[in-house]
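First the structure, in the form of structure tokens, and then the observations on it.
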Amino acid sequence: METTGAAKKRFAKELKKVLIVGRTNVGKSTLFNRIVGKPLSITSDVPGTTRDVIYKPAEWGGRMFLLADSGGAGAGDKLANYVWDRVRKAIKEADLILLMVDVKSGILPLDEELARMIKKAGKKAYVVVNKIDATSKAVATPEEFFRLGFEDIFPISAAHGWGVGDLLDAIVEDIPPESIKRFKKDKVRVAILGRPNAGKSSILNYFAGKPIAIVSPTAGTTRDAVDVELDDMIVVDTAGITRRFKDDLSYYSYVRSKRSLRYAEVGLVVIDAEVGVHHLDKKIVSMVINEGRGLVIAMNKIDVLNKKEKRAFFAHVEEELKSVWWAPKVPVSALTGEGMDYLRSVLKGARSGIFKRISKRDARRLMEELASRNLPPTKIYDFYQIRNLPPTFLIKAKAKLPDFYLRYIENALRERWGFFAAPIRFITEAPY
Ligand code: GDP
Ligand code: GDP
Numbered sequence: 035m036e037t038t039g040a041a042k043k044r045f046a047k048e049l050k051k052v053l054i055v056g057r058t059n060v061g062k063s064t065l066f067n068r069i070v071g072k073p074l075s076i077t078s079d080v081p082g083t084t085r086d087v088i089y090k091p092a093e094w095g096g097r098m099f100l101l102a103d104s105g106g107a108g109a110g111d112k113l114a115n116y117v118w119d120r121v122r123k124a125i126k127e128a129d130l131i132l133l134m135v136d137v138k139s140g141i142l143p144l145d146e147e148l149a150r151m152i153k154k155a156g157k158k159a160y161v162v163v164n165k166i167d168a169t170s171k172a173v174a175t176p177e178e179f180f181r182l183g184f185e186d187i188f189p190i191s192a193a194h195g196w197g198v199g200d201l202l203d204a205i206v207e208d209i210p211p212e213s214i215k216r217f218k219k220d221k222v223r224v225a226i227l228g229r230p231n232a233g234k235s236s237i238l239n240y241f242a243g244k245p246i247a248i249v250s251p252t253a254g255t256t257r258d259a260v261d262v263e264l265d266d267m268i269v270v271d272t273a274g275i276t277r278r279f280k281d282d283l284s285y286y287s288y289v290r291s292k293r294s295l296r297y298a299e300v301g302l303v304v305i306d307a308e309v310g311v312h313h314l315d316k317k318i319v320s321m322v323i324n325e326g327r328g329l330v331i332a333m334n335k336i337d338v339l340n341k342k343e344k345r346a347f348f349a350h351v352e353e354e355l356k357s358v359w360w361a362p363k364v365p366v367s368a369l370t371g372e373g374m375d376y377l378r379s380v381l382k383g384a385r386s387g388i389f390k391r392i393s394k395r396d397a398r399r400l401m402e403e404l405a406s407r408n409l410p411p412t413k414i415y416d417f418y419q420i421r422n423l424p425p426t427f428l429i430k431a432k433a434k435l436p437d438f439y440l441r442y443i444e445n446a447l448r449e450r451w452g453f454f455a456a457p458i459r460f461i462t463e464a465p466y
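Heads up, the sequence shown is in our numbering, so the first residue is 35 and it goes up one at a time.
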């Protein structure tokens, strides 16, 4: 077993660089941690504890970018001078600057200095007005910060998350959704997802054959994402698995799961037989579909159910997840090992499903057959597969096809070629 990160690094190079700058204590590391999902720099009231500009991958709405905290730009001592220099350099390298200010203190000379520096570098910037939760202490209103000379102002509370979504929307606005190339290694890349306690780490440990300790408890020493490479698969972002989240709806686990999926080919959603299908499980399943990854469901802890309960549980899962009827649902026990070998082979199979390609000729022929059996509601001119991960088909038609006809096509595609565990997408090019 070894850990890998090289592919990720290559991948990260081409991403947009977003840099947070601001005075010490305005809340830069708080915002950084909220977006990146994990304390990488130590938050404290001591000026200048964040010293290195380290870009980390961040994700919003299926779009990736890189985020860095420039550290405190305080004035006075030697460290501060060094920091100024570094901030200037960092601004030059960045594609977008988040100039962070504190609504409690209003505009201070250092804020103006940073604004000048950004304009001199000719960089696009958003003014992020932080701590709006502390309005009683506020000496300024967010509007006053227009004085800094930038058009876009985002009032937020980094500590509470208020306004951060709007800010992220703006950051990713011009970023096209990423599509990752097939990772070279002939091993399926799996993200293990699910609610806390569903058995994600138990499954990982079972696959690995021994307990895996991944997360170092010291803030700032944990790696951003740790992949565990096994004989036949790479489990991505395992650091996210062993971290515990107080609240499963939390922003952290949401962003984290999405990010894991970005680096994965298949999402393994673990459902707890003791709990049943929870609404969050459905959310996680939708996330896998939206990210266009292969979907495999593990129904874990079946050792706790007797025969009759098992039957009821399987029926319950089928019913609750009938929108993804095509996804393999594998009963397992990470505790006893039951079903685990089968799960392994299903995950491997999912890789071929998600990367399946059929020729233009085969696709066109199928469409002809379908149209002759069941006249399409609108004229279809052409039909073929344009990509994989997930398998995506282009339909050139006179008008958009209704859902029932798309389902008809999807069923036929699955019937003929399987597309095992893969969500299938259609893009309609109309009108002609
Ligand atoms: P940095 O020096 O700019 O990285 O600032 P930090 O992220 O370390 O935050 C400085 C202080 O401001 C800490 O005590 C944070 O808890 C606090 N802080 C950060 N964001 C907020 C916020 O949105 N509201 C309030 N009230 N305090 C915040
Ligand atoms: P995670 O939070 O999703 O990583 O869940 P864990 O792997 O830490 O498991 C949560 C709890 O469920 C632990 O107490 C495990 O021992 C238990 N557990 C995990 N898998 C199984 C299983 O297949 N059967 C039973 N009975 N318990 C399990």
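Backbone N, C-alpha and C define an ideal beta-carbon position, used for all residues, glycine too.
If you check the CB distance, ASP208 and SER191 do not come in under 7 Å.
Annotated three-state conformation of ALA155 is coil, per DSSP. Under the 10 Å beta carbon count, PHE417 is surrounded by 16 or more other beta carbons and is classified as buried.
For ASN445, the enclosing alpha helix (DSSP H) starts and ends at 437 to 451. Using a Cβ distance threshold of 7 Å, GLY301 and ALA204 do not count as a contacting pair. Under the three-state reduction of DSSP, ALA397 is assigned to helix. Between PRO362 and VAL351, the gap from beta carbon to beta carbon reaches 7 Å or more. The segment 53 to 72 and the segment 136 to 146 touch, with no fewer than 3 CB-CB distances between them shorter than 8 Å.
Taking 7 Å as the cut-off, the beta carbon of VAL87 is found closer than this to the beta carbon of ALA124. Secondary structure at TYR288: helix, using DSSP grouped into helix, strand and coil.
Judged by pairs of C-beta atoms under 8 Å, the segment 234 to 248 touches the segment 362 to 377, as three or more such pairs exist.
Rounded to the nearest angstrom, the gap between the Cα atoms of PRO91 and GLU325 is 16 Å. In this structure, DSSP gives PHE427 an extended state, which the three-state scheme calls strand. As the crow flies, the alpha-carbon of ALA455 is around 29 Å from that of VAL206.
Per the coordinates, the alpha-carbon of LYS165 lies some 8 Å from the alpha-carbon of PRO189. For THR58, the shortest C-beta to heavy atom distance toward ligand 1 is below 6 Å. Shown here, SER191 sits in a strand according to DSSP, grouped into three states. For the 7 Å CB-CB criterion, LYS221 and ASP266 form a contact. In the DSSP assignment, ASN334 forms a beta bridge with ASP306.
Rounded to the nearest whole angstrom, the C-alpha separation of LEU132 and VAL52 is 7 Å. Near ligand 2, meaning a Cβ closer than 6 Å to any of its heavy atoms, lie the following residues in chain order: GLY228, PRO230, ASN231, ALA232, GLY233, LYS234, SER235, SER236, ILE275, ASN334, LYS335, ASP337, VAL338, SER367, ALA368 and LEU369.
Judged by DSSP secondary structure, ARG378 falls within the alpha helix (DSSP H) whose first and last residues are 374 to 388. In its chain, beyond the 5 residues on either side, ASP416, PHE417 and TYR418 have a beta carbon closer than 8 Å to the beta carbon of ARG398.
As the crow flies, the alpha-carbon of LYS341 is around 10 Å from that of PHE347. When the beta-carbon positions are compared, SER235 and VAL270 stay at least 7 Å from each other. DSSP places TYR415 in the strand class (E or B) of the three-state scheme.
Collapsing the DSSP output to three states places ILE318 in a helix.
Residue burial annotation: TRP359 is exposed, with fewer than 16 other C-beta atoms found within 10 angstroms of its C-beta. For LYS62, the distance from the CB to the nearest heavy atom of ligand 1 is below 6 Å.
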